[in-house]
Amino acid sequence: MSVAITGRRVSAGLNQALHDLFAGDDRLFLLGEDVVDPYGGAFGVTRGLSTAYPDRVLGTPISEGGITGVAAGLALCGDRAIVEVMFGDFITLCVDPLVNFISKSVTMYGRRLPMGVVVRCPVGGNRGYGPTHSQNLQKLLFGVPNLQLLELSPLHDPRRTLDRALAGGEPAVFFEDKVLYTTPEYRAGRIDNCLRFAPVDESWMLVDADDGPADWVVIAPGGLVPRLLPAMRAALVDDEVLTRALVPDRLWPLDLDPVLPVVGDATRVLVVEDGPAGGGWAAEVTRVLYERLWGRLRHPVRILQPPCAVIPAATHLERDLLLQSEIIYRILAGGDDG
Amino acid sequence: MDTRSRVSWSAESTGPPDGPAVPLSLDPTDLDMLLLIRHVELGLLKLFAAGHLGGTTHTCLGQEYVPVALNPLLQPAFVFSNHRGHGHYLAQFGDVAGLIAEVTGREGAVCGGRGGSQHLYRTGFCSTGVQGENVPVALGAALHFRTSGSDSLAVAYIGDGTWGEGVVYEALNMARLWRAPLVVVVENNGIAQTTPTSRAMAGSIAARAAAFDVRYAHVAVNCVRTIRAELAEPLRQTRAGAGPLVIEFRTDRLGPHSKGDDTRDPAVVRELWERDWAAGYARAYPTEFASADERQREFVAAVTAEVLARPLVGSAAG
Ligand SMILES: Cc1ncc(C[n+]2csc(CCOP(=O)(O)OP(=O)(O)O)c2C)c(N)n1
Ligand SMILES: [Mg+2]
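Protein sequences appear in the order of chains A and B. Using the UniProt record's numbering, the letters of the first sequence correspond one by one to residues 1 to 338. Using the UniProt record's numbering, the letters of the second sequence correspond one by one to residues 1 to 318.
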């Protein structure tokens, strides 16, 4: 179940996107721990930026809450700021400034204040980093007014995702699955000799093999793409199951309208989320699908998430707990009826 | 002997003064413990390179003497450790097999393989991987001890970089207000991941303690016996109700931050190895050192081989 590796890695694309953003915006800042060269951040994503923009790319003390507040001050004065949190787990320390100040400020003063703040955070497991360095905490921030939740995907151009977030003046948290950094990005609509993809609108990408009727529509955020693609491909090649995948770069606000026709045509629908089960994005997607497609859905919508449990450090235990390609494949191929 | 230059009570933090030219001779069990920790850490880096460990591991190479010196003074104490906690754990329990099993996910793992390198728990010991979080938690334990008539200390280990986190200051403030038996042990190794302390800390640790009227000790030697002699009294006072204590160890991180991520000039790191405690003891007591070194190398290798032969820890435990 392997997918041919083409082109550059997702982290290189993201690094280029940041360079492009800085080149085009002389009031853009980036703040984070150990982001300066030669290290360029714990995952190397900011490499080169501090050399090119030493006054606006600042290595900070270990002060996640503080630097998120600093980003707010920059934004209030008309600048834009990107905060890099070393591990997304520590977004917990940024929650007060994000929830009670930055997002609220957009509308709570009776006029619209643009808050061009993006907090970038590497998330997700399957790297053996243990309980406090592996989580997907999207759920924690889901449904906060004026706070966009974005997710990195190998199908989306991160430059466009970040551009839209910063230009719109509505703060955002950008979740970046750590495993994505070392996987290939896909461009020009081609994944391999079997799978292709195309935009549905600004946010949604549609992945499939051909125009035939879909046995499954899978709705999944970007971090799951490297696990989803091999499952789709194997289900097609080995079991003649056609899957159509829908991948957004924005989780909140949630707009399913553009993809309802595709979902409504499918025989079955699977929503996959990488955070612990209960509440959150997958549950909300499913709720909206029932509301909007009641009478058209042929089967109950299925949600696939890891159980609600702490992520273990031992790699074999972590692998068992978290979602892997195999379980997605088993569902698509009909070998797991939940 | 002028001890002020080595373990000083002044609020002005001195730079690293000269250690004793020759470290005082060590009890064999102390030397064994120092070298046990050293060989566990060296072994973990090798296991990492060989693919036996997932994720990451922060070794305390160069800092082993800190918990070894403190351990007999911390009886009883509840120790709250951090990401660089293997030495803290081993100095307290000597449990090589439980630790190696934990980080390799094998049977006998002290936390069932759930916590891994950064999240260890045993009665009297708790570590976590989020910087600064352990200080207010340790204060809670200290409050418990003070209000329940226990003479136990609560000890939080933090690095220099962890002073970036606001909760450290909140906890110090409360600790002084409540005269809690809290000891904050700062392992100031001059760097946080890749960031030199000078780029992340305005002012000094001594002045931070002074701002909260918290007692402060500065330790700039790596001679275990000297450290013990100097810290016994201030720790006794904290136990007796004198209120919190900050102990700043000016120490060296000899290894990478975690696995291979050392951005320092190799020449600088070589200098650190030359002033390492192990180099000092090896020069001063070559015979004792060589035999203890060999003994611990073999012991750790044997335990490691035995642990790696165990089955992977099962998922039922937790
Ligand atoms: C809240 C939080 N932010 C960031 C990190 C990532 N991190 C782990 S160790 C470390 C550096 C810590 O430096 P210091 O406190 O000096 O301890 P040292 O590693 O030098 O022992 C960082 C930034 C973390 N674990 N927790
Ligand atoms: Mg440090």
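All C-beta atoms, glycine included, are put in the ideal place defined by N, C-alpha and C.
Beta-ladder partner(s) of residue i, from DSSP
i               : result
D177 of chain A : A:V123
Y121 of chain B : B:C126
W252 of chain A : A:L149
A198 of chain A : A:L206
R302 of chain A : A:L270
Y157 of chain B : B:V185
F80 of chain B  : B:C126, B:A156
A81 of chain A  : A:F29, A:V117
L143 of chain B : DSSP, once it has assigned bridges, lists no residue as partnering L143 of chain B.
V247 of chain A : A:M205
V218 of chain A : A:A245, A:L270
R106 of chain B : B:L312
R250 of chain B : B:N188
R190 of chain A : A:R196
A91 of chain B  : Partner(s): none; A91 of chain B has no beta bridge.
A207 of chain B : In the DSSP output, where bridge partners are listed per residue, A207 of chain B has none listed.
P184 of chain A : A:R9
A172 of chain A : A:V118, A:Q148
P196 of chain B : B:I191
Residue environment, residue i, which counts as buried when at least 16 other CB atoms sit within 10 Å
i                      : result
S203 of chain A        : buried
W294 of chain A        : exposed
V83 of chain A         : buried
A91 of chain B         : buried
V268 of chain B        : exposed
A276 of chain A        : The identity of residue 276 of chain A in the sequence shown is Pro, whereas the question assumes Ala. The residue is buried, with at least 16 neighbouring Cβ atoms inside 10 Å.
T304 of chain B        : buried
H88 of chain B         : buried
Q138 of chain A        : buried
residue 346 of chain A : The displayed coordinates of chain A run from 1 to 338. Any statement about residue 346 of chain A would go beyond what the structure contains.
L254 of chain B        : buried
L24 of chain B         : exposed
H83 of chain B         : buried
E298 of chain B        : exposed
S13 of chain B         : The predicted position of S13 of chain B is uncertain, since its pLDDT is 40 and thus under 50; a value taken from the coordinates is nonetheless stated next. The residue in question, S13 of chain B, is buried, as its Cβ has 16 or more Cβ neighbours within 10 Å.
G335 of chain A        : exposed
L35 of chain B         : buried
E33 of chain A         : buried
N100 of chain A        : exposed
T46 of chain A         : buried
T29 of chain B         : exposed
I5 of chain A          : Low local confidence applies: a pLDDT of 49 at I5 of chain A is under 50, so the model's placement there is unreliable, and no value is given.
H299 of chain A        : exposed
D249 of chain A        : buried
E294 of chain B        : exposed
N193 of chain A        : exposed
M108 of chain A        : exposed
G212 of chain A        : exposed
R317 of chain A        : Reading the sequence as shown, one finds Leu at residue 317 of chain A and not Arg. With 16 or more other Cβ atoms within 10 Å, it is buried.
Integer-rounded CB distance, given that residue j should sit under 8 Å from residue i
i                      : j               : result
L254 of chain A        : V285 of chain A : 7 Å
R38 of chain B         : L53 of chain B  : Not really, about 18 Å apart at Cβ, beyond 8 Å.
residue 380 of chain B : V186 of chain B : What is shown of chain B runs 1 to 318, which leaves residue 380 of chain B out entirely.
L246 of chain A        : V262 of chain A : 7 Å
G128 of chain A        : A313 of chain A : 7 Å
L251 of chain A        : W281 of chain A : 5 Å
C152 of chain B        : P266 of chain B : The amino acid at residue 152 of chain B is misidentified as Cys; the sequence shows Ser. Contact doesn't hold; Cβ gap of about 43 Å is too wide.
G105 of chain B        : V313 of chain B : 5 Å
A101 of chain B        : N134 of chain B : A101 of chain B to N134 of chain B, Cβ: 23 Å. No contact.
A220 of chain A        : V272 of chain A : 4 Å
V269 of chain A        : V237 of chain A : Contact flag wrong, Cβ pair sits at about 22 Å.
F87 of chain A         : P122 of chain A : 6 Å
Ligand 3 heavy atom lying under 6 Å from the CB of residue i
i               : result
A232 of chain B : Only ligand 1 and ligand 2 can be found as ligands here, which leaves ligand 3 out of the picture.
Under 6 Å from any heavy atom of ligand 2, by CB: list those residues in chain order, please. Sorted by chain position, residues whose beta-carbon lies closer than 6 Å to a non-hydrogen atom of ligand 2 are B:G159, B:D160, B:G161, B:N189, B:I191, B:A192.
Which runs of the alpha helix (DSSP H) fall wholly inside the region 28-72 of chain A and span at least 4 residues, in chain order? Runs of the alpha helix (DSSP H) inside the region 28-72 of chain A: 49-52.
Please specify which runs of the beta strand (DSSP E), each continuous and at least 3 residues long, are wholly inside the region 211-245 of chain B, giving them in chain order. Taken in chain order, the complete beta strand (DSSP E) segments of 3 or more residues contained in the region 211-245 of chain B are 215-219.
Enumerated in chain order, which unbroken segments of the alpha helix (DSSP H) with a length of 4 residues or greater are wholly contained in the region 275-300 of chain B? Inside the region 275-300 of chain B, DSSP marks whole alpha helix (DSSP H) runs of 4 or more residues at positions 277-284, from first to last along the chain.
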